[in-house]
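Protein chains in written order, with this note's numbering: chain H, -15 to 245; chain V, 86 to 733.
We put the beta carbon where it would ideally sit given N, CA and C, even for glycine.
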């Protein structure tokens, strides 16, 4: 198989510190993400992984540090700006519109690219109709990619958990992102579902060249599919490098991986 | 019809180039391929395959779901005089080794990455496999294997070739003769290695034509292609008859969307194995129980009317005016909407075959206006041996011999068939061919049966499975395991059954419950359960199954031939019998011998009079890994009845 081409640094996190009152969620975290790579963030619960993602995404504003994306440096990220720059994410506990169908949920991911105004859309006039068809085609490609054709019209709330996670991923993909932030995409899945999700993540990375930042607890998955790993513990970075290096790091073993006795 | 498949394609393309030939649902919309486009695609594909070196008389395997490109591949191969061999797309890699080596296959055309991976896995064992061509490129971008190429590439190369050699395609098509081999189908034998059934253009088209004439099929039919292409039935309904009549074949989006696509297309000509009809009825009944009171009452009231009046109306018999009006009202309120939900609004003819179908099930569909009929045939006979005429439909027969077919019975009750549609031979297996095809052209079906008073054929069982009870009260009585198993499977709660009794004193049965039906039943009684194994072991479920078994016994006691086949003991299995574990064939027929060996401890326990037995079985997951499932099963007795003498 041909080797994947990993590019230059696309996202650079510099000295991020995040506090909630007295709780230090993140302390002086620095790491970078290269284009087209799969970067995993691992660590025990409460280590600050989701907080890190939230900082990149603009949900939290760090007290110190900065984030550089494609040469532009920001002290705080603005959610909308981040989305427009091409960074999409999924959520640990899903954030889907439970009453809407799968296709409508994924369509919402196209929101930023829809140009026609609300009046045109409401009356379904020419340009709005054509635009909707074009977006619908893109969404159908995603549905085909994620193999959820049978559930197109089903309200998302009625789907099993594993499928809801797929819809969440679909919605993020609908943004045609350059960077995809995945927050525990495999939480609560059985072996078969995890395999499917892995396959989708790898296919996204391979087919669309999307850079992936992945928070995950399943060590097997992390070691298998990621190019480099960042390890957090109590808000501090304790490891950073290729999976094999991190796996053998003493501090990481002590804090997170454990040893067999 | 003395012609060939490729010639028929060209005729349709010449006569009705813009008419729809095939549709495929992709990205949520139905995309149409016209006859002209189909012929062009086939022409280019043939050119491309020719350039890769496909020879006349060579075999080419095709593995995948129903897609226009798969059908185009088969036509392209046949245009070059090569022979397409479709394989089951859900077969494990190891199962493909024998067919590929047996037919010395160098070309494999497969649908997607999953199938490509299978081919690559067995490549070492099949060294002559040179070209692996795939349709859907997803996931294959980084594959770097010799001989691996996309169909798109081949078609593009073929297009160039066609512009340089414009007469090549037609010339090749002209070379094919009706008696040339057109396709080969491997039977999913219940014992031993599969055998390649060789059919010519003529054998397939002859039967296709006879069937089409019998049911007056036209070019306006709409058919849904959802059964495995490796199965002869799918080939007859969606390939041979498609080309013979020129109607439209619709390919569903994915296996998960078949029922949705069925509703959208509304086929006019439909085939499904009995378990599909059973499954539909079960789901209808379950959903009716969830409906509001008014709807439920309306449903049951009008279903009673349908049961009384429907079959008579379908058979064209006279029905009183009052009943007619009531039925018409029912049609508007219940049967029409019901047919619509099932996707059968436009069905003119629906067939089922392969297993016996329960009389209740049969009359349900006929009573709501679906012309469901049975047919009889096999891979070796290119399907159509017997068909049920529209006005002579009964649950317990398989029909009358159709045009060109002669039937006679051997001394041991085996059905022998003479027909223009018989196989040419079993590939490279003269011995097996001699065993089934006698010198004077009679084919041994290995089914036992008889022709009843009205000229209809009735099937009892596989000849080799018909046994005799030995010892005990019923010594010498005929035992037909399939007959007994089918009667049990007519109950919606029972999904599968395996009966033993040949050479034994009594009949014992192992049963699989139907998870949906029994699960629903349990939920309505507030009976909690943790999964299939747990549900299967509940004492309440055992009582439910015991009830079914005893009803079957009562029914058997009234049967002239088979009163001695009543079931004395039974158990409920902890896991469903599965083709992946070798317990069923790929067409879901039980492999009694294999099951007998694998579950020998249970059978011994049943005959030994034990009340419970521990068993641990190996299961194979879909990706080939194995695991173990174990349980302690309860073994129960069932009441049997004295044979009731029927009035002569």
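- Apart from the 5 residues on each side of it in sequence, residue 206(H) sits with its Cβ closer than 8 Å to the Cβ of 24, 26, 198, 200, 213 and 227 in its chain, given in chain order.
- Between residue 190(V) and residue 236(V), the gap from beta carbon to beta carbon reaches 8 Å or more.
- In the structure shown, the three-state DSSP call for residue 355(V) is strand.
- One Cα belongs to residue 122(V), the other to residue 28(H), and the distance between them is close to 59 Å.
- Contacts between residue 113(V) and chain H, judged by CB atoms closer than 7 Å, involve 124 and 136 in chain order.
- Across the set 626(V), 724(V), 185(V) and 617(V), the C-alpha of 724(V) shows the shortest separation from the C-alpha of residue 654(V).
- Residue contact check for residue 226(V) against chain H: a CB pair falls below 8 Å.
- Judged by pairs of C-beta atoms under 8 Å, the region 343 to 355 of chain V touches the region 424 to 432 of chain V, as three or more such pairs exist.
- About 5 Å separates the beta carbons of residue 584(V) and residue 569(V), which is inside the 8 Å limit, making them a contact pair.
- Remark: fewer than three beta-carbon pairs, one from each stretch, lie closer than 8 Å, so the region 139 to 147 of chain H and the region 90 to 100 of chain H are not flagged as touching.
- In the structure shown, residue 612(V) falls within a coil segment according to DSSP collapsed to helix, strand and coil.
- At a cut-off of 8 Å between beta carbons, residue 608(V) makes no contact with chain H.
- Interface residue (Cβ-Cβ distance to chain H less than 8 Å): residue 338(V) is classified as such.
- Residues of the region 102 to 123 of chain H whose Cβ lies closer than 7 Å to any Cβ of chain V, in chain order: 121.
- Counting only residues of its own chain and dropping the five nearest sequence neighbours on each side, residue 503(V) has a CB closer than 6 Å to the CB of 491, 526 and 527.
- Put simply, the region 290 to 298 of chain V touches the region 320 to 333 of chain V. At least three CB pairs are less than 8 Å apart.
- About 7 Å separates the beta carbons of residue 574(V) and residue 581(V), which is inside the 8 Å limit, making them a contact pair.
- Burial check for residue 142(H): the Cβ neighbour count within 10 Å stays below 16, so the residue is exposed.
- Burial state of residue 108(V) is buried, judged by a 10 Å Cβ sphere holding 16 or more other Cβ atoms.
- DSSP places residue 105(V) in the strand class (E or B) of the three-state scheme.
- Where residue 144(H) is concerned, there is no enclosing beta strand (DSSP E), because DSSP gives it neither an H nor an E.
- A distance below 8 Å separates the beta carbons of residue 659(V) and residue 714(V).
- Note on residue 4(H): under 16 other CB atoms within 10 angstroms of its CB, so exposed under the neighbour-count rule.
- If you look at residue 585(V), you'll find it in the beta strand (DSSP E) that goes 579 to 585.
- When C-alpha distances from residue 169(V) are compared across 155(V), 182(V), 180(V) and 179(V), the shortest belongs to 155(V).
- Residue 539(V) is classed as exposed because its beta carbon has fewer than 16 other beta carbons within 10 Å across all chains shown.
- Per DSSP, residue 527(V) lies in no alpha helix (DSSP H) segment and is marked neither H nor E.
- The C-beta of residue 500(V) comes no closer than 8 Å to any C-beta of chain H.
- Taken in chain order, the unbroken stretches of beta strand (DSSP E) that lie wholly in the region 88 to 144 of chain V and span 3 residues or more are 105 to 111 and 114 to 119.
- Assigned with DSSP and collapsed to three states, residue 551(V) falls in coil, not helix or strand.
- For residue 597(V), the enclosing beta strand (DSSP E) stretches over residues 592 to 598.
- Comparing C-alpha distances from residue 642(V) to each of 562(V), 721(V) and 709(V) shows the shortest one belongs to 562(V).
- A direct Cα-to-Cα measurement between residue 711(V) and residue 454(V) gives close to 46 Å.
- DSSP places residue 332(V) in the coil class of the three-state scheme, outside both helix and strand.
- Within chain H, the residues 133, 134, 136 and 137 have their CB atoms less than 9 Å from the CB of residue 345(V), given in chain order.
- In this structure, residue 456(V) sits away from residue 479(V), with a CB-CB distance that is not shorter than 8 Å.
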